[in-house]
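Engineer:
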Amino acid sequence: MTDQNTTVPANPERRERSAVPSRWRQLVTSPASLFSLLVLLAVGLSAIFAPLLAPHDPLAQNLLERNMPPFWLEGGSTAHLLGTDALGRDLLSRIIYGARISMIVGVATVVIQTGLGVTIGLIAGYRRGWVDTIFMRIADVWLAIPFLVLAIAVAVLFGPGLINTVLVLGLVGWVTYARVVRAEVLSVREREFVLAARTMGVKAMPTIWRHILPNVMASILVVATLQVSRMIIAEASLSFLGLGIQPPEAAWGSMIADGRDRLSQQWWLATMPGIALLMTTLAINLLGDTLRDILDPKLGKRGARP
Amino acid sequence: MSVNTEPVLSVRDLTIEFVVPGGVIRAVDGVSYDLYPGDVLGVVGESGSGKSVGVMSMLGLLPSPPARIVGGSVIFEGQDLLKLNRRQLRKIRGKRIAMVFQDPMAALNPVFKIGAQLAEAIRIHNPSATRAEVRRRGIEILEMVGIPEPAARYDQYPHQFSGGMRQRAMIAMAIANRPAVLIADEPTTALDVTIQAQVLDVLKTAQEETGAAAILITHDLGLVAEMANRLLVMYAGRVVETGSIDRIFGRPCHPYTVGLLGSVPRLDADMNRLVPIEGQPPNMAEPPSGCRFHPRCSLMQGREICAAQVPQLLQIGPSHSTACHFAEEVDGLVDRVNREMGVTITSGDLA
Amino acid sequence: MIRFILRRLGQGLIVVFCVSIVVFSLSWVTGDPAALILPPEATPAQIEEFRKAMGFDRPILVQYWDFLTGAITLDFGKSLMQGTDAMQLVLERLWPSLKLALVALTASIVIAVPLGMISALKRGTIFDQVARVLALIGQCAPNFYVGIVLILVFAVNLRMFPAIGDPSLKGIVLPAVTLGLYAAAETMRLLRSGMLEVLGEDYVRTARAKGVAERWVLLKHALRNAAIPVITVMGLQLNTMMGRAVVTETVFGYPGMGMLAVRAINNRDFIVIQAFVIVMAVVVVALNLIVDLIYSRLDPRISVSD
Numbered sequence: 019m020t021d022q023n024t025t026v027p028a029n030p031e032r033r034e035r036s037a038v039p040s041r042w043r044q045l046v047t048s049p050a051s052l053f054s055l056l057v058l059l060a061v062g063l064s065a066i067f068a069p070l071l072a073p074h075d076p077l078a079q080n081l082l083e084r085n086m087p088p089f090w091l092e093g094g095s096t097a098h099l100l101g102t103d104a105l106g107r108d109l110l111s112r113i114i115y116g117a118r119i120s121m122i123v124g125v126a127t128v129v130i131q132t133g134l135g136v137t138i139g140l141i142a143g144y145r146r147g148w149v150d151t152i153f154m155r156i157a158d159v160w161l162a163i164p165f166l167v168l169a170i171a172v173a174v175l176f177g178p179g180l181i182n183t184v185l186v187l188g189l190v191g192w193v194t195y196a197r198v199v200r201a202e203v204l205s206v207r208e209r210e211f212v213l214a215a216r217t218m219g220v221k222a223m224p225t226i227w228r229h230i231l232p233n234v235m236a237s238i239l240v241v242a243t244l245q246v247s248r249m250i251i252a253e254a255s256l257s258f259l260g261l262g263i264q265p266p267e268a269a270w271g272s273m274i275a276d277g278r279d280r281l282s283q284q285w286w287l288a289t290m291p292g293i294a295l296l297m298t299t300l301a302i303n304l305l306g307d308t309l310r311d312i313l314d315p316k317l318g319k320r321g322a323r324p
Numbered sequence: 164m165s166v167n168t169e170p171v172l173s174v175r176d177l178t179i180e181f182v183v184p185g186g187v188i189r190a191v192d193g194v195s196y197d198l199y200p201g202d203v204l205g206v207v208g209e210s211g212s213g214k215s216v217g218v219m220s221m222l223g224l225l226p227s228p229p230a231r232i233v234g235g236s237v238i239f240e241g242q243d244l245l246k247l248n249r250r251q252l253r254k255i256r257g258k259r260i261a262m263v264f265q266d267p268m269a270a271l272n273p274v275f276k277i278g279a280q281l282a283e284a285i286r287i288h289n290p291s292a293t294r295a296e297v298r299r300r301g302i303e304i305l306e307m308v309g310i311p312e313p314a315a316r317y318d319q320y321p322h323q324f325s326g327g328m329r330q331r332a333m334i335a336m337a338i339a340n341r342p343a344v345l346i347a348d349e350p351t352t353a354l355d356v357t358i359q360a361q362v363l364d365v366l367k368t369a370q371e372e373t374g375a376a377a378i379l380i381t382h383d384l385g386l387v388a389e390m391a392n393r394l395l396v397m398y399a400g401r402v403v404e405t406g407s408i409d410r411i412f413g414r415p416c417h418p419y420t421v422g423l424l425g426s427v428p429r430l431d432a433d434m435n436r437l438v439p440i441e442g443q444p445p446n447m448a449e450p451p452s453g454c455r456f457h458p459r460c461s462l463m464q465g466r467e468i469c470a471a472q473v474p475q476l477l478q479i480g481p482s483h484s485t486a487c488h489f490a491e492e493v494d495g496l497v498d499r500v501n502r503e504m505g506v507t508i509t510s511g512d513l514a
Numbered sequence: 023m024i025r026f027i028l029r030r031l032g033q034g035l036i037v038v039f040c041v042s043i044v045v046f047s048l049s050w051v052t053g054d055p056a057a058l059i060l061p062p063e064a065t066p067a068q069i070e071e072f073r074k075a076m077g078f079d080r081p082i083l084v085q086y087w088d089f090l091t092g093a094i095t096l097d098f099g100k101s102l103m104q105g106t107d108a109m110q111l112v113l114e115r116l117w118p119s120l121k122l123a124l125v126a127l128t129a130s131i132v133i134a135v136p137l138g139m140i141s142a143l144k145r146g147t148i149f150d151q152v153a154r155v156l157a158l159i160g161q162c163a164p165n166f167y168v169g170i171v172l173i174l175v176f177a178v179n180l181r182m183f184p185a186i187g188d189p190s191l192k193g194i195v196l197p198a199v200t201l202g203l204y205a206a207a208e209t210m211r212l213l214r215s216g217m218l219e220v221l222g223e224d225y226v227r228t229a230r231a232k233g234v235a236e237r238w239v240l241l242k243h244a245l246r247n248a249a250i251p252v253i254t255v256m257g258l259q260l261n262t263m264m265g266r267a268v269v270t271e272t273v274f275g276y277p278g279m280g281m282l283a284v285r286a287i288n289n290r291d292f293i294v295i296q297a298f299v300i301v302m303a304v305v306v307v308a309l310n311l312i313v314d315l316i317y318s319r320l321d322p323r324i325s326v327s328d
C-alpha cells in the first residue's frame, strides 16, 4: 500500500527542507564557516591576549636587529619569526597587537553605525514630516559622496587616533541601516494594530518596534557582519593615508604604508600585515555569507542555490 | 482518424528516468502512441503522470542531467528524434515541431519586443528572408491569431500585452513556420477562465489553418473534449487508456479514466456530489508494483494480479486500447451505470 | 525622456548644493578653520592675521555667500600650498582620474562577464569553484594591499610594468587592475548567480524550442536578462571606485585627483579639499545619471517617466 501522505513531486528534484534550528548548524559544519570561525578565533585571541601572545613589545626598538627578514630566509632568526622593521621592532608582535586595533575599530564602528542608523531610521520612519525629510536628505548627500572620500574629509577634521577614527567611520556609515529600518517602520506603522493601539492611547512605538524587530534583525545582522570587514579595511586605508592610526602604534594599515617604501628590500614589512588583513576580512566575509544562507528565507534572497 | 495514412509521429516504448538525490525516478515508462496527420491528440493525466516530460524529450528540451532517456524511439519524418544531435534537433524545433507552453508571461522574454521574438522564430528557419518580409509575415500571423492592431502590437513588449494576447502571440510564434506537429502544454491553465475559451478557439483555428497534427497536454477534460479527436490517458508514467474520444468518453474501460470522468461536474445529470478519485498520486521514487493505479482502484477489491502483474495495453475495441486486467468488467460496469442513469456520456456533453 | 533627464539633473543639483553646505560647514565644525589650517606652532597673532587675510572674521552667512558665488564661477580660492587657483588644480587632474576609473571598470567587465558566464554554465566544476574563491578574495582584499602585491610581483620582480603609475598605456595597467579588482569580483558573482537564475526561466526554454542556437540562447536571451542587476550595481561600483581611487593613486603615485587630495590633506590645504569634494560629488551624480539611463534602456519594464 503506498504511503498516502507522499505526493508526487511536480519537479522530481524537490529537496527536503530542514527544520529551523538545524540551519544554524551550518555555522559549524560547513567548511567555509569553520575556516572563518577558526581565523576569527585566532584574531580575537590575539586581540584580547596580545600582551601574552606577542613575543616582544611592539614598540620596543632594537637598532641592532633591524631589517631582519623572516626566520626562514637567510639572515633571519627564530627570535623574530617574521623579521623586524627599520627600527628593529618585531613584526610578529606588531601584527598581533595590530589585531587589537582592527578588532576594536571593526566592532566599535559597526556598533555606532548600527545604533545611529537604527535610531535615525526609527525616528524618520515614525515621525515623518520634516524630520524625516531632513534625515533622508542628509542620507542622500552622504550617499552621493563616495564613502572613502567622505571619511577622508571628516577624518581630516578630527585628526588621527583610534577614538577619532572610530567616530569618523561611525558617523559616515550609518545610512544603510537607517534606510532598512525606516522602510520597515513605514510599512508597519499603517497597519491596523498600530492604529488601534494609538486610538487606545497606547504608544505606537513599542508595538512597531516589536513587529519590525524580527524582520530587521536578519538583514541588519548580515549587513553588520559584512560591514565589520569593510570598516577594518577602511581604517587600514585611512591609516595607510596617514589619517587613521599613526606610527608608532601598531596598526596593519600604517604598517603596510611604511612597508610600501621599502618594497624592494624588505618586502615582508608590507606583505605580512597584509596577509593578516586579508585573512581577517576573508573570514568575516565568509561568516557573513554563511549567516546570510542561514537567514535566507527571511531575507528572501534570490539567486542560485547549488 | 485516417487509418490509411502513415503516422506523422510514432512513439515506441519511450522510457525516461530522472536521477535525483533520493534515487532514480522513472517518469515515463514504456509509453507508445501514434499521431496521424490532422489528429488532435489529447494527453491527460495528473501532475507527475509524465505527460509533459514525454513530449519535451522529443525536442531534447529536458535538462540532461538529471534527465536520462533510457530507451525507446520517437520516429518523425523518417528520423528517430532521440538519436539526433543538437544541430539536427535545432533544425526541427520551431520549424517542423513547435511547442506552446503554459505560462506565456514567463515563456516570453521580457526584454525583447514581441515582434522581435516572432521574427527570431521566422528568421532562424528562413535565413534568406529580408527584414521586410519577416516583419510582414510576423504581422500576418499576429492577425491570424486574432490580435487587434497587429502592426502596432508587433513593436510592443510582453508586459504591454494581456494574458490572453500573450498566449496568442506564443501560438503565433509556434505556427509561424507551419509545423507538421504542434504541441501545446497546458496552454490555458495559466489564463483566466473567460480567456480560456478564446485562446482555445485560436488554437483550433491555428491547427485547422496549418493542417498540423496537434498534441494537447492538459489535465482539463473539458478542453480535451472541445478540441481533441483522440485521447491518451496517462497515469504514473504509463499509458492506461487510449483511443478515439467518443469511444473513451462513452465507454471508458479503465478505472482511472472512469474516475476522471466521474469527477467532472456536469450540468444536465443529477449529481449529488463530485466523486474524486481516492488517495494520492503515487510516489514516483517508489511506485506501486504491478498496475500502478491499484492502490487507489475501487474496482480492484483485493485481487492479487493487480499488484503482481503490470497490465499490458490491449485493444478492447476499434481504436480503443486500455491497460487493465479487468477491462471487460469495467466496460460492463460503465454500461450498466449509464443505462441506470439513463445517460450516455459523450464528448459533446463535457464540452 | 528629456523630462527624466531634466528632473534627475535638478535632483543632482540639489544634492551638489547640499554637499557644498556640508563641505563649507566642515571647516567650521571644529571651531576655527584658521587654527585648522595653520601649523600648531602658529602664534595667536599669526592666527589672527591669517584669519583677516582669509576673511574668516566675517559673518558666516557672508562667507557662505562668497563661497557659493565663487563656487558657481568655479572659483574656490587659491590653493594654500601652491598659491594657484584651487579648482584649476583639481580639474587638471580630473581626466586622469576618470580615465583610470573607466579603464578599471571596463577591465572589470571584460574579465568578469565571461568568467561569470562560464562559471554559471560549468557550475560545480573545478573551474567554477576556483573562480568563486578568486572572486571572494577579490572582494575581501584591501585595495592598497593588492596594489602593493602587484607592484612587488610585476614591477619590482618581473619588471613588466612601472612601479609608479601614469596615464600612459603601460603605466595605467597596474593601477587599473588594482582599482577594478573589487568590481570584477562583485560583477562576476552577480552575473553568475543571475545567469543561474535566468537559465532556469521559461523563456530560455522557449528560445530553445524555437530552434535558436545554444550560443545565442546564452548570449542573447540569457545574458541580456542576467545583466540587468549587474548594470544596477555598476552605478554603485563607480561611486566606490572614485573613492578607492584616492587610495590606489596614492599607492601608485598616479597623478590624479586622489593624489592631489592626499597631498592637500598632508599640507592642510583645505581649499583644495573643498574643491575636490565638490568635483567628486558632481562627477558621481553625473555618472549615476548615465548609468540610470543605460539601465532604463536595458529593461523595458522600467518606465523612464516614473
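Residue numbers (the numbering used here), protein chains in the order written: chain A, 19 to 324; chain B, 164 to 514; chain C, 23 to 328.
Ideal Cβ placement from N, Cα and C applies to all residues, glycine included.
Use the C-beta contact count for residue 261 (chain C): other C-beta atoms within 10 angstroms, 16 or more gives buried, fewer gives exposed.
Structural biologist: Along the third sequence, read from residue 1 onward, the residue named residue 261 (chain C) stands at position 239. Residue 261 (chain C) should be labelled buried.
Engineer: Thinking C-alpha only, which one of B:412, B:391 and B:469 is nearest residue 200 (chain B)?
Structural biologist: For the purposes of this step, residue 200 (chain B) is taken as the residue at position 37 of the second sequence. If we check each option's Cα against that of residue 200 (chain B), B:391 comes out closest.
Engineer: Taking the C-alpha atoms as reference points, what is the distance between residue 172 (chain B) and residue 380 (chain B)?
Structural biologist: Locating residue 172 (chain B) in the second sequence gives position 9, counting from the first residue. Locating residue 380 (chain B) in the second sequence gives position 217, counting from the first residue. So the alpha carbons of these two residues sit roughly 16 Å apart.
Engineer: Using the beta-carbon of each residue, which ones in chain A are nearer than 9 Å to residue 174 (chain C)?
Structural biologist: Start at 1 with the first residue of the third sequence, and residue 174 (chain C) comes out as number 152. Neighbours of residue 174 (chain C) on chain A, chain order: 281, 282, 285, 288 and 289.
Engineer: Within the chosen definition, does the region 110-124 of chain C reach the region 263-279 of chain C through at least 3 CB pairs nearer than 8 Å?
Structural biologist: yes
Engineer: Could you tell me the alpha carbon to alpha carbon distance between residue 177 (chain C) and residue 170 (chain C), rounded to whole angstroms?
Structural biologist: As a first step, residue 177 (chain C) must be located in the third sequence, where it is residue number 155. As a first step, residue 170 (chain C) must be located in the third sequence, where it is residue number 148. Residue 177 (chain C) and residue 170 (chain C): Cα-Cα distance of roughly 10 Å.
Engineer: Have a look at residue 138 (chain A) and residue 26 (chain C) and give me their C-alpha separation to the nearest angstrom.
Structural biologist: Taking the first sequence and counting its residues from 1, one reaches residue 138 (chain A) at position 120. Taking the third sequence and counting its residues from 1, one reaches residue 26 (chain C) at position 4. Straight-line Cα distance between these residues: approximately 30 Å.
Engineer: Out of B:357, B:294, B:349 and B:268, which has the shortest C-alpha to C-alpha gap to residue 323 (chain C)?
Structural biologist: Residue numbering aside, residue 323 (chain C) sits at position 301 when the third sequence is read from its first letter. Out of B:357, B:294, B:349 and B:268, B:268 has the C-alpha closest to the C-alpha of residue 323 (chain C).
Engineer: For residue 72 (chain C), which of helix, strand or coil comes out of DSSP?
Structural biologist: In the third sequence, counting from the first residue as 1, residue 72 (chain C) sits at position 50. Residue 72 (chain C) falls in the helix class under three-state DSSP.
Engineer: Touching or not, the region 305-316 of chain C and the region 208-223 of chain C, by the rule of three or more beta carbon pairs under 8 Å?
Structural biologist: no
Engineer: What are the residues of the region 141-165 of chain A that lie near chain C, defined by any Cβ-Cβ distance shorter than 7 Å?
Structural biologist: Going along the region 141-165 of chain A in chain order, one finds 155, 158, 159, 162, 163, 164 and 165 with a Cβ nearer than 7 Å to chain C.
Engineer: With 16 as the cutoff for other CB atoms within 10 Å, does residue 148 (chain A) come out buried or exposed?
Structural biologist: Within the first sequence, numbered from 1, the residue matching residue 148 (chain A) stands at position 130. Exposed, since its Cβ has fewer than 16 Cβ neighbours within 10 Å.
Engineer: In the DSSP assignment, find the beta strand (DSSP E) that holds residue 262 (chain B) and state where it starts and stops.
Structural biologist: To locate residue 262 (chain B), count along the second sequence from 1; it is residue 99. 260-263 is the extent of the beta strand (DSSP E) around residue 262 (chain B).
Engineer: 8 Å is my cut-off, CB to CB: does residue 348 (chain B) come that close to chain C?
Structural biologist: Your numbering for residue 348 (chain B) matches position 185 in the second sequence. Not closer than 8 Å to any Cβ of chain C, the Cβ of residue 348 (chain B) fails to qualify, so no.
Engineer: Report the neighbours of residue 235 (chain C) on chain B: residues whose CB is nearer than 7 Å to its CB, in chain order.
Structural biologist: The residue labelled residue 235 (chain C) in the question sits at position 213 within the third sequence. Near residue 235 (chain C) (Cβ distances below 7 Å), the residues of chain B are 253.
Engineer: Could you tell me which chain A residues have their CB closer than 7 Å to the CB of residue 303 (chain C), listed as they occur along the chain?
Structural biologist: What you label residue 303 (chain C) is simply residue 281 of the third sequence in a count that begins at 1. What residue 303 (chain C) touches in chain A: 162 and 163.
Engineer: Note down, in chain order, every chain A residue with its Cβ under 8 Å from the Cβ of residue 158 (chain C).
Structural biologist: Translated into positions along the third sequence, residue 158 (chain C) becomes position 136. Under the 8 Å cutoff, chain A gives 300, 303 and 304.
Engineer: Do three or more CB pairs link the region 274-285 of chain C to the region 172-179 of chain A at distances below 8 Å?
Structural biologist: no
Engineer: Contact check, residue 58 (chain A) vs residue 302 (chain A) under 8 Å by CB: the rounded distance?
Structural biologist: Here residue 58 (chain A) corresponds to residue number 40 of the first sequence, with the count starting at 1. Here residue 302 (chain A) corresponds to residue number 284 of the first sequence, with the count starting at 1. The Cβ separation is near 7 Å, so the contact holds.
Engineer: Would you tell me roughly how many angstroms separate the C-alpha atoms of residue 266 (chain B) and residue 329 (chain B), rounded to the nearest one?
Structural biologist: Translated into the one-based positions of the second sequence, residue 266 (chain B) becomes position 103. Translated into the one-based positions of the second sequence, residue 329 (chain B) becomes position 166. About 9 Å.
Engineer: Express the C-alpha separation of residue 486 (chain B) and residue 211 (chain B) in angstroms, rounding to a whole number.
Structural biologist: Along the second sequence, read from residue 1 onward, the residue named residue 211 (chain B) stands at position 48. Along the second sequence, read from residue 1 onward, the residue named residue 486 (chain B) stands at position 323. Computed Cα separation, rounded: 19 Å.
Engineer: Please go through the same chain and pick out, in chain order, the residues whose beta-carbon is closer than 7 Å to the beta-carbon of residue 365 (chain B), but skip the five residues on each side of it.
Structural biologist: If you number the second sequence from 1, residue 365 (chain B) lands on position 202. Taken in chain order, the residues that qualify are 308, 309, 331 and 334.
Engineer: Mind checking which residues open and close the beta strand (DSSP E) that includes residue 230 (chain B)?
Structural biologist: Along the second sequence, read from residue 1 onward, the residue named residue 230 (chain B) stands at position 67. Note, residue 230 (chain B): beta strand (DSSP E), 230-239.
Engineer: Looking at the unbroken beta strand (DSSP E) that takes in residue 278 (chain C), where does it start and where does it end?
Structural biologist: Mapped onto the third sequence, residue 278 (chain C) falls at position 256. First-last for residue 278 (chain C): undefined, no H or E at that position.
Engineer: Could you name each continuous alpha helix (DSSP H) segment of 4 residues or more that falls completely within the region 269-319 of chain B, going from the start of the chain to the end?
Structural biologist: 277-288, 294-307 and 313-316
Engineer: Any C-beta of chain C within less than 9 Å: which residues of the region 99-131 of chain A qualify?
Structural biologist: none
Engineer: Got a sec: is the Cβ-Cβ distance from residue 260 (chain A) to anything in chain C below 8 Å?
Structural biologist: Taking the first residue of the first sequence as position 1, residue 260 (chain A) is located at position 242. True, the Cβ-Cβ gap to chain C drops below 8 Å.
Engineer: Suppose contacts are defined by Cβ-Cβ distances below 8 Å. Is residue 215 (chain B) in contact with residue 232 (chain B) by that definition?
Structural biologist: On the second sequence, residue 215 (chain B) is found 52 positions in, with the first residue counted as 1. On the second sequence, residue 232 (chain B) is found 69 positions in, with the first residue counted as 1. Not a contact, by the Cβ cut-off of 8 Å.
Engineer: For residue 269 (chain B), return the contacting residues in chain C, with the cut-off set at a CB-CB distance below 8 Å.
Structural biologist: Reading the second sequence from its first residue, position 106 is the one you call residue 269 (chain B). Chain-order list of chain C residues neighbouring residue 269 (chain B): 223, 224 and 225, by C-beta distance under 8 Å.
Engineer: Using the beta-carbon of each residue, which ones in chain B are nearer than 8 Å to residue 247 (chain C)?
Structural biologist: By 1-based counting over the third sequence, the position of residue 247 (chain C) is 225. Those are 272, 273 and 274, listed as they occur along chain B.
Engineer: Take residue 264 (chain B) and list the residues in its own chain whose beta-carbon comes closer than 6 Å to its own, dropping the five residues that flank it on each side.
Structural biologist: Counted from its first residue, the second sequence places residue 264 (chain B) at position 101. Within the same chain, residue 264 (chain B) has close Cβ partners 270 and 348.
Engineer: Find the residues of chain D that neighbour residue 174 (chain A), judging by a C-beta separation of less than 7 Å, and give them in chain order.
Structural biologist: Reference to chain D is not applicable here, since the protein chains of this structure are A, B and C.
Engineer: Mind checking the region 312-344 of chain B against chain C and listing, in chain order, the residues whose C-beta falls within less than 8 Å of any C-beta there?
Structural biologist: 320, 322, 333 and 336
Engineer: Just the Cα atoms here: how many angstroms apart are residue 219 (chain C) and residue 479 (chain B)?
Structural biologist: Mapped onto the third sequence, residue 219 (chain C) falls at position 197. Mapped onto the second sequence, residue 479 (chain B) falls at position 316. Going from the Cα of residue 219 (chain C) to the Cα of residue 479 (chain B) covers about 48 Å.
Engineer: Whose C-alpha, out of A:82, A:112, A:81 and A:90, is nearest the C-alpha of residue 70 (chain A)?
Structural biologist: Residue numbering aside, residue 70 (chain A) sits at position 52 when the first sequence is read from its first letter. Per the Cα distances, A:112.
Engineer: At which residues does the alpha helix (DSSP H) containing residue 358 (chain B) begin and terminate?
Structural biologist: Working through the second sequence from its first residue, we reach residue 358 (chain B) at position 195. Looking at the DSSP string, the run of the alpha helix (DSSP H) that includes residue 358 (chain B) is 356-373.
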